[in-house]
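Everything below concerns the one structure shown next.
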Amino acid sequence: MAVAVVAMVLQRNLFSVVVLFAIYSFLMATVLVALDAVDVAMTEAAVGAGVSTVLLLGALHLTGGTEAKRLQRPLVPLVLSIAVGAVLAYGSLGLPAFSDPQAPIHTHVAPRYLKDGPQETGVPNIVSAVLASYRGYDTLGETIVVFTAGAGVIALLRRRRGRR
Amino acid sequence: MKDDIILRVVAKLLMPFMLLFALYVQFHADFGPGGGFQAGVIGAAAIVFYALIFGLRAGQRLAPDWVVEKMLATGVLVYAGVGIAGLALGGNYLDYFVLGADPVSGQHRGIFWVEAGVLLTVAGVMLKLFYMFAGRGRGAGEE
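Protein sequence lines, in the order shown, are assigned to chains B and F. The letter at position 79 of the first sequence is residue 79 when you use the numbering used here, and the numbering goes up by one with no holes. Each position in the second sequence, counted from 1, maps to that position plus 164 in the numbering used here.
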């Protein structure tokens with residue numbers, strides 16, 4: 001994955017950047033499978049590697065294949081992103097250890113979902129039960145966000161076409 | 165890519181399996197990983213794949229533009245409608261317990277319709293974005 005990222009940054013030909021991006025997404029999907037998050041992995045493989053690659057290729061078709069020359073030295077953005085990354089890494093030190101059963105997230109409502117979920121909803125897959133039933137409001141919000149984003153893009157692209 | 169016989173044959177062979185897998189992910193979500201989001205993107209990816217190989221026109225014959233546009237809004241309305249149905253049957257908003265004869269079958273029914281709403285919206289947004297991007301190059305380029 002690191003190789004793909006470095007190659008992506010160094011590469012000037014945007015077509016190969018898009019292909020590297022797809023490779024990165026597939027590697028990310030395998031990482032998610034290894035973390036037992038199969039449904040997230042499915043989404044990553046289909047959206048990250050599939051549909052967004054197609055959309056990026058479509059955008060390339062409209063704009064042309066090579067990156068524009070840089071206007072200035074990328075020193076300030078580089079320092080800034082390294083600083084932000086360092087702060088995030090420092091923050092992750094304060095997190096509980098990976099798969100620690102005593103972590104706050106595992107002691108709040110999760111045990112109740114795991115214990116009572118199958119009886120209350122009759123759905124053996126707890127992820128589905130939490131997503132659609134216990135957290136129904138959140139999922140409704142997510143669906144509305146997806147809808148709003150799609151409607152916004154439609155509105156933007158339509159108006160362009162009309163003006164031409 | 166319309167003239168490449170290997171791509172055409174492979175695409176025709178794979179299409180039923182991709183769509184079937186999307187449906188499997190949708191309706192088997194009670195027992196295995198999956199759900200509306202995943203099924204929506206897999207189904208949309210299958211149609212995008214078909215449109216890439218056989219041309220945008222063929223893809224739009226498979227999933228017409230106006231249907232896709234309606235799917236966007238229908239999904240949200242189905243989801244919100246499940247909530248309203250819960251209200252009408254005497255529960256709280258998005259309460260599924262009241263939807264069936266007993267609480268567990270009510271939950272099943274509620275989750276089923278909610279997932280169907282998510283599927284419609286997600287697949288609709290994906291396809292619509294693809295159609296808009298692909299359709300814009302149409303005026304200028306070959307493809």
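Beta carbons are placed, not taken as given, at the ideal position from N, Cα and C, and that holds for glycine.
Alpha carbon to alpha carbon, how far is residue j from residue i? Give it in angstroms, no decimals.
i: residue 176 (chain F); j: residue 208 (chain F); result: 16 Å
i: residue 105 (chain B); j: residue 53 (chain B); result: 34 Å
i: residue 24 (chain B); j: residue 249 (chain F); result: 43 Å
i: residue 288 (chain F); j: residue 149 (chain B); result: 12 Å
i: residue 224 (chain F); j: residue 252 (chain F); result: 38 Å
i: residue 274 (chain F); j: residue 145 (chain B); result: 21 Å
i: residue 10 (chain B); j: residue 191 (chain F); result: 44 Å
i: residue 119 (chain B); j: residue 244 (chain F); result: 25 Å
i: residue 130 (chain B); j: residue 4 (chain B); result: 35 Å
i: residue 75 (chain B); j: residue 214 (chain F); result: 44 Å
i: residue 87 (chain B); j: residue 73 (chain B); result: 23 Å
i: residue 256 (chain F); j: residue 269 (chain F); result: 17 Å
i: residue 239 (chain F); j: residue 153 (chain B); result: 17 Å
i: residue 278 (chain F); j: residue 132 (chain B); result: 7 Å
i: residue 306 (chain F); j: residue 14 (chain B); result: Unreliable placement is indicated for residue 306 (chain F), whose pLDDT of 38 sits below 50; the coordinate value is still reported in the next sentence. The alpha-carbon atoms of residue 306 (chain F) and residue 14 (chain B) are separated by roughly 20 Å.
i: residue 173 (chain F); j: residue 98 (chain B); result: 46 Å
i: residue 220 (chain F); j: residue 2 (chain B); result: 35 Å
i: residue 18 (chain B); j: residue 109 (chain B); result: 41 Å
i: residue 140 (chain B); j: residue 155 (chain B); result: 22 Å
i: residue 199 (chain F); j: residue 297 (chain F); result: 27 Å
i: residue 185 (chain F); j: residue 196 (chain F); result: 13 Å
i: residue 30 (chain B); j: residue 48 (chain B); result: 12 Å
i: residue 21 (chain B); j: residue 254 (chain F); result: 50 Å
i: residue 82 (chain B); j: residue 93 (chain B); result: 17 Å
i: residue 128 (chain B); j: residue 26 (chain B); result: 24 Å
i: residue 212 (chain F); j: residue 294 (chain F); result: 7 Å
Quickly, what does DSSP pair residue i with across the bridge? List them, please.
i: residue 13 (chain B); result: B:66
Using a Cβ cut-off of 7 Å (strictly closer), state whether residue i contacts chain B.
i: residue 258 (chain F); result: yes
i: residue 179 (chain F); result: no
i: residue 236 (chain F); result: yes
i: residue 249 (chain F); result: no
i: residue 197 (chain F); result: yes
i: residue 188 (chain F); result: no
i: residue 184 (chain F); result: no
i: residue 211 (chain F); result: no
i: residue 191 (chain F); result: no
i: residue 231 (chain F); result: no
i: residue 298 (chain F); result: yes
i: residue 176 (chain F); result: no
i: residue 224 (chain F); result: no
i: residue 262 (chain F); result: no
i: residue 172 (chain F); result: no
i: residue 169 (chain F); result: no
Find the residues of chain F that neighbour residue i, judging by a C-beta separation of less than 8 Å, and give them in chain order.
i: residue 23 (chain B); result: Here the premise fails: no neighbours, minimum Cβ distance about 17 Å.
i: residue 55 (chain B); result: 293, 294, 297
i: residue 84 (chain B); result: Near residue 84 (chain B) there are no residues of chain F at all, since even the closest Cβ is about 29 Å away, more than 8 Å.
Name the chain F residues whose beta carbon is nearer than 9 Å to that of residue i?
i: residue 138 (chain B); result: The contacting residues do not exist; residue 138 (chain B) stays about 10 Å from chain F at best.
i: residue 31 (chain B); result: What residue 31 (chain B) touches in chain F: nothing, since even the nearest Cβ is about 16 Å away.
i: residue 110 (chain B); result: Here the premise fails: no neighbours, minimum Cβ distance about 18 Å.
At least one CB of chain F closer than 7 Å to the CB of residue i: is that the case?
i: residue 145 (chain B); result: no
i: residue 94 (chain B); result: no
i: residue 18 (chain B); result: no
i: residue 133 (chain B); result: yes
Mind listing the chain B neighbours of residue i? Cutoff is C-beta to C-beta under 7 Å, in chain order.
i: residue 240 (chain F); result: 143, 144, 147
i: residue 194 (chain F); result: 123, 124, 125, 128
i: residue 217 (chain F); result: Those within 7 Å of residue 217 (chain F) in chain B number zero; the least Cβ separation is about 12 Å.
i: residue 205 (chain F); result: 43, 46, 47, 51
i: residue 208 (chain F); result: 51
i: residue 281 (chain F); result: 143
Below 7 Å on C-beta distance, what does residue i contact in chain F?
i: residue 39 (chain B); result: 197, 198, 199, 202
So with CB distances below 8 Å, who are the chain B contacts of residue i?
i: residue 244 (chain F); result: 140
Does the stretch 198–214 of chain F come close enough to the stretch 280–289 of chain F that 3 or more CB-CB pairs lie under 8 Å?
yes
Segment contact flag, the stretch 220–235 of chain F with the stretch 259–268 of chain F, C-beta cutoff 8 Å, min 3 pairs
no
Check whether the stretch 111–121 of chain B touches the stretch 172–186 of chain F, counting contact only when three or more Cβ pairs, one atom from each stretch, lie closer than 8 Å.
no
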